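Note sheet for the following structure.
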Amino acid sequence: MGYSDVYGQWQADPEAFWMAQAEAIDWFEKPSKALFADKAPLYEWFADGQVNGCWNAVDRHVAAGHGARVAIIHDSPVTGTKHEITYAELQDRVASLAGALRVQGIEKGDRVIIYMPMVPEALEAMLACARLGAIHSVVFGGFAAHELAVRIDDCTPKAVIAASCGIEPGRVVHYKPLVDGALEQATHKPAFCVILQREQEVAKLTEGRDFDWHAFQAGVAPAECVPVAGNHPAYILYTSGTTGAPKGVVRPTGGHLVALNWTMKAIYNVEPGEVFWAASDVGWVVGHSYICYAPLIHGNTTIVFEGKPVGTPDAGTFWRVIEEHKVASFFTAPTALRAVKRDDPKGELIGDYDLSRLRGIYLAGERADPDTIAWTQEKTGKPIYDHWWQTETGYTIAGNPVGIEALPVKIGSPTVPMPGYDVQILGEDGHALPDGELGAIAVKLPLPPGTLPTLWNAEDRFRKSYLAHFPGYYETGDAGMKDEDGYLWIMARTDDVINVAGHRLSTGGMEEVLAAHPDVAECAVIGVTDDLKGQLPLGFLCLNKGCDRPHAEIVRECVGRVRDQIGPVAAFKLAAVVDRLPKTRSGKILRATMVKIADNADFRMPATIDDPAILDEIRAALRPLGYGGA
1 MGYSDVYGQW
11 QADPEAFWMA
21 QAEAIDWFEK
31 PSKALFADKA
41 PLYEWFADGQ
51 VNGCWNAVDR
61 HVAAGHGARV
71 AIIHDSPVTG
81 TKHEITYAEL
91 QDRVASLAGA
101 LRVQGIEKGD
111 RVIIYMPMVP
121 EALEAMLACA
131 RLGAIHSVVF
141 GGFAAHELAV
151 RIDDCTPKAV
161 IAASCGIEPG
171 RVVHYKPLVD
181 GALEQATHKP
191 AFCVILQREQ
201 EVAKLTEGRD
211 FDWHAFQAGV
221 APAECVPVAG
231 NHPAYILYTS
241 GTTGAPKGVV
251 RPTGGHLVAL
261 NWTMKAIYNV
271 EPGEVFWAAS
281 DVGWVVGHSY
291 ICYAPLIHGN
301 TTIVFEGKPV
311 GTPDAGTFWR
321 VIEEHKVASF
331 FTAPTALRAV
341 KRDDPKGELI
351 GDYDLSRLRG
361 IYLAGERADP
371 DTIAWTQEKT
381 GKPIYDHWWQ
391 TETGYTIAGN
401 PVGIEALPVK
411 IGSPTVPMPG
421 YDVQILGEDG
431 HALPDGELGA
441 IAVKLPLPPG
451 TLPTLWNAED
461 RFRKSYLAHF
471 PGYYETGDAG
481 MKDEDGYLWI
491 MARTDDVINV
501 AGHRLSTGGM
511 EEVLAAHPDV
521 AECAVIGVTD
531 DLKGQLPLGF
541 LCLNKGCDRP
551 HAEIVRECVG
561 RVRDQIGPVA
571 AFKLAAVVDR
581 LPKTRSGKIL
591 RATMVKIADN
601 ADFRMPATID
611 DPAILDEIRA
621 ALRPLGYGGA
């Protein structure tokens, strides 16, 4: 069957479609049906089934005779170490940690915060929680103490599992003082902490509260997998909210297992036993779905990579890992490839490595500009598949279902909606817009299995944030359009659609034009306040390494390109060259914060910002243009 057959099958009978997919998962007790709609618009999937996430990710592969298959490859250029863990070894390690947690009172429904770098033990901690039916909440290692304290108070964990430190290029990040600071600030006090001591830094443990990772497990009986209901929360993952308070996205166990398992073949086109690599971090949703759970549920080998796309040691790191570990399918963020392109604009380092095992490169996390896609395609000779999804959904809303049928790639589009997602483009009045018209992207309810059923302890906020604006729909917060072939085009966050003298314009469309300039490595466009036109677009340009042309000349050319390709209606006249753009640690550009700086408005420092010092550089670049305050 091709894509349209599979999508049509889902449309015709969603219940039968998802019950068929549920057959690929091991259940202690099979669900009686797929969709539970009695609390609509709050929907649940497989609610009366009994299942365990760790069993499906680890134990069932050992039971099927695949214990010797490699489950995890840890590749750490920042420490110069590499090692492999088989499924049988992973089962022993996870059961041991789960047994020790159980001795300390962790049981089904308890919360555990995990605060770790990119080491296999981070995945083991997640799986040990799943084994017991405990609900984990992974917080990006190195997050500020205050932000960690906010999350501790929100999910009230019984334990914190952390490492002594993380390793960044050229520095050690001290985790334990951040954990101690968070525990001091938090109103809720976890019962105990487990600390993985790394050789780069041995942390001081607090007597009576902190346990050493290895000593903690010594002599403890391994734990078996605890059955949980299909609607039992597997984890809570905090995503930044517009109010500054983080939103705790809840992931239900049964739907999570079913949907992720389906995606590994249908979207990423890998067979069990092949190597899959998502170059992300366990602190983000990509790390949850595609470093930990999906590859292991499907029986793949997953790579835990502790490094950066550039600087560990150079812009050839990605290609080295792909060659060395025989990666079949590679998932990264456009911002990572832009960094590689900026350091190696001619792609010379790619030629040093054999990428023959690699079948495709997948991009997500932010809008992929066509120039980066075209560059990567040309230099690697591999198909590049953009796809679009969110922390809230946990997996692809729109993508190219290569394992079902490789659809023609339209550069700039993440292709088509996946089964389970009825995607509509809506006007402000909630009515569907015609093809080619820019509007709010919404998904008709119910959302498919594995997506968020609610926010942790915040049902009202869930309803207001996602369901209230367009009744009967989930509001994605993204703006875009559909073309005549049903392909989706994600143009910007809804907030990034700017109004210039009554014309609604996508900043993403302008960024496409700027990114195509041969000297521009990366760019961002924001809308700044203007007394006459309401808003004006303002561009930030990061140039390729080695570019020594006058900045004013490049700015002049960029302004001309936008005028030629979008038209005078865009009123694009303002641009500044900067060394770097402010981003979250997952690579998203902080456009809303840049707007506030430009408009000299008060703003709260984003908790997820990678380097706060960049904001001063942005302010300095804005002043000659008359923005950003004195």
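1 is the number of the first residue of the sequence shown in full-length UniProt numbering; add one for each residue after it. All residues carry an ideal CB built from backbone N, CA and C; glycine is no exception. In this text, all values refer to a predicted model and were calculated from it rather than measured experimentally.
Report the rounded CA-to-CA distance for Thr243 versus Gly534, giving the unit in angstroms.
Legend: pLDDT at Thr243 = 49, less than 50; position of this residue unreliable, no value from coordinates given.
According to DSSP, is Thr242 helix, strand or coil?
Reliability fails at Thr242, whose pLDDT of 48 lies under 50, so the model's placement of it is uncertain and the value that follows must be treated cautiously. In this structure, Thr242 counts as coil in the three-state DSSP scheme.
Under a three-way DSSP split, which group does Asp5 fall into?
helix
Measure the CB-CB distance between Val402 and Tyr421 and report whether it falls below 7 angstroms.
no
Could you tell me the distance, in whole angstroms, from the CA atom of Leu514 to the CA atom of Tyr627?
21 angstroms
Using the DSSP secondary-structure output, state which residues sit across from Val555 in a beta bridge.
Partner(s): none; Val555 has no beta bridge.
Examine the Cβ distances between the segment 195-206 and the segment 169-176 and report whether three or more of them are shorter than 8 angstroms.
yes
In whole angstroms, what is the alpha-carbon distance linking Ile490 and Ala24?
32 angstroms
Assuming Val275 and Ile297 are in contact, meaning their beta carbons sit under 8 angstroms apart, how far apart are those beta carbons, in whole angstroms?
Rounded, the Cβ-Cβ distance is 16 angstroms, inconsistent with contact.
Spatial neighbours of Gln185 within its chain, please: C-beta separation below 7 angstroms, excluding the five flanking residues on both sides.
The residues are Ala145, His146 and Ala149.
Considering only the alpha carbon of each residue, which of Met418, Gly99, Val569 and Gln377 lies closest to Gly394?
Met418
In three-state DSSP terms, what is Glu405?
coil
Do you know how far the Cα of Lys341 is from the Cα of Pro550?
C-alpha separation (whole angstroms): 21 angstroms.
Can you find the residues in the same chain that come closer than 8 angstroms, C-beta to C-beta, to Pro190, ignoring five residues on each side of it along the sequence?
Ile113, Ile152, Pro157, Lys158, Ala159, Val160 and Leu183
Taking the alpha carbon of His214 as the point to measure from, which residue in Ile411, Leu97 and Thr507 has its own alpha carbon closest?
The shortest Cα separation from His214 among Ile411, Leu97 and Thr507 belongs to Leu97.
Just to confirm before moving on: does the CB-CB distance between Ala328 and Arg367 stay below 7 angstroms?
In this structure, Arg367 does not lie closer than 7 angstroms to Ala328 by Cβ.
If you pair each beta-carbon of the segment 330-339 with each one of the segment 368-388, do three or more pairs fall below 8 angstroms?
Three or more Cβ pairs closer than 8 angstroms define a contact, and the segment 330-339 meets that threshold against the segment 368-388.
Pick out the complete alpha helix (DSSP H) segments inside the segment 66-152, 4 residues or longer, and give them in chain order.
87-103 and 120-132
Beta strand (DSSP E) containing residue 634: first to last residue?
The question about residue 634 has no answer here: the residues shown for the chain are numbered 1 through 630.
I think Pro31 touches Ile85, with their Cβ atoms under 8 angstroms apart; what is that distance to the nearest whole Å?
Wrong, their Cβ atoms sit about 32 angstroms apart, outside the cutoff.
Below 8 angstroms, can you find three or more Cβ-Cβ pairs linking the segment 460-470 to the segment 478-492?
Taking 8 angstroms as the limit for Cβ pairs, the verdict is that the segment 478-492 does not touch the segment 460-470.
Assuming Thr494 and Asp599 are in contact, meaning their beta carbons sit under 8 angstroms apart, how far apart are those beta carbons, in whole angstroms?
Going by Cβ atoms, the distance from Thr494 to Asp599 rounds to 18 angstroms, so no, they are not a contact pair.
For Leu467, collect the residues of the same chain with a Cβ closer than 6 angstroms to its Cβ; drop the 5 residues on either side in sequence, then sort them by chain order.
Pro41
DSSP on Val51, reduced to helix/strand/coil?
Assignment of Val51 by DSSP, reduced to helix, strand and coil, places it in the strand class.
Short of 6 angstroms in beta carbon distance, which residues of its chain neighbour Ile373, apart from the five on each side in sequence? Order them along the chain.
Ile384 and Ile411
Closest to Leu349 by C-alpha separation, out of Val321, His325, Ile361 and Leu536, would be which residue?
Val321
Suppose you measure from the CA of Asp354 to the CA of Ala440; what does that come to, to the nearest Å?
43 angstroms
Can we say the segment 87-103 touches the segment 255-273, given the rule of at least three CB pairs closer than 8 angstroms?
The segment 87-103 and the segment 255-273 do not touch, with fewer than 3 CB-CB distances between them shorter than 8 angstroms.
Pick out the complete alpha helix (DSSP H) segments inside the segment 480-567, 4 residues or longer, and give them in chain order.
Complete alpha helix (DSSP H) runs here, min 4: 507-515 and 551-565.
Who pairs with residue 631 in a beta bridge, going by DSSP?
As shown, the chain starts at 1 and ends at 630. That puts residue 631 outside it, with no answer to give.
With 16 as the cutoff for other CB atoms within 10 Å, does Val569 come out buried or exposed?
exposed
Look at the Cβ atom of Gly255, then the Cβ atom of Pro446, and state whether they are nearer than 7 angstroms.
no
Would you check if the segment 52-60 and the segment 281-290 touch, i.e. whether three or more CB-CB distances between them fall below 8 angstroms?
Look at the beta carbons and you see the segment 281-290 not touching the segment 52-60: under three pairs across the two are nearer than 8 angstroms.
Going by beta carbon distance, what residues of the same chain come within less than 7 angstroms of Ile106, once the five residues before and after it are set aside?
For Ile106, where only same-chain residues beyond five positions count, the Cβ hits under 7 angstroms are Val112, Leu132, Ala134, Lys158 and Ala159.
Straight-line CA distance for Ser4 to Leu455?
33 angstroms
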